[in-house]
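Participant: FYI, the working numbering numbers position 22 of the sequence shown as 47, with every residue one higher than the one before it.
Here it is, the structure, as structure tokens.
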Amino acid sequence: MNRRKFLALSAATVSVAALGSAAIVFEDSHSFIPSLLHEYIGDYQMTEEQEKNFVDAFAEEYGEEKLAAVIGLYRIRSGTGLGTGYTNAKVVEFERKLVTDFLVTTDYLKKQGEANPQVNFIGFRIPCNNPYATFDGLS
């Protein structure tokens with residue numbers, strides 16, 4: 026095998042691997058986010074419409090492009106085990122924000138004692154969701 030054939034074969038192999046990994050990386054957020062939430066939160070039920078509303082609101086709040094990038098990073102990191110301190114921190118930050126936003130924007134905490142509760146999406150634009158907020162001096 027001469028050098029040109031080797032380079033052509035290498036390029037073809039890398040291209041096929043890149044296309045295959047791109048198909049894995051770019052997963053739909055409407056399937057990725059609920060599966061990740063079920064992994065971290067546990068069993069719960071949510072209607073398709075409310076689940077879609079939550080994912081859409083989360084994507085709007087987090088940023089569509091940023092969400093796609095983090096999902097891709099999450100997939101690459103979990104599929105290959107590759108990651109740096111920076112990328113690992115970004116994935117952990119995303120997971121924490123996702124779980125926090127789910128708990129704050131749904132009624133899951135009210136129903137967490139139930140086995141497999143039916144959860145409802147309340148919305149992102151609630152006046153105050155900080156349990157430590159004080160309203161002294163406001164009138």
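Note that beta-carbon positions come from the ideal geometry of N, C-alpha and C, so glycine has one too.
1. Using DSSP with H/G/I as helix, E/B as strand and the rest coil, what is Y157?
2. Give me the residue from D68, Y69 and L98 with the minimum Cα distance to S54.
3. In three-state terms, what does DSSP make of T105?
4. Restricting to Cα atoms, I'd like to know which of T130, S56 and E90 is closest to I147.
5. Relative to the alpha-carbon of E86, which residue among Q137, K136, K122 and E139 has its alpha-carbon at the smallest distance?
6. Taking the C-alpha atoms as reference points, what is the distance between F51 and K136?
7. When the Cα atoms are used, what is the spatial distance from T72 to A114?
8. What is the rounded straight-line gap between the Cα of F83 and the Cα of I96?
9. Consult DSSP for Q70 and reduce its assignment to one of helix, strand or coil.
Facilitator: So, from the listed chains and residues:
1. coil
2. L98
3. helix
4. T130
5. K122
6. With a pLDDT of 49 at F51, under the threshold of 50, the predicted position of this residue should be treated as unreliable, though the coordinate-derived value follows. Their Cα atoms are separated by approximately 33 Å.
7. 32 Å
8. 13 Å
9. strand
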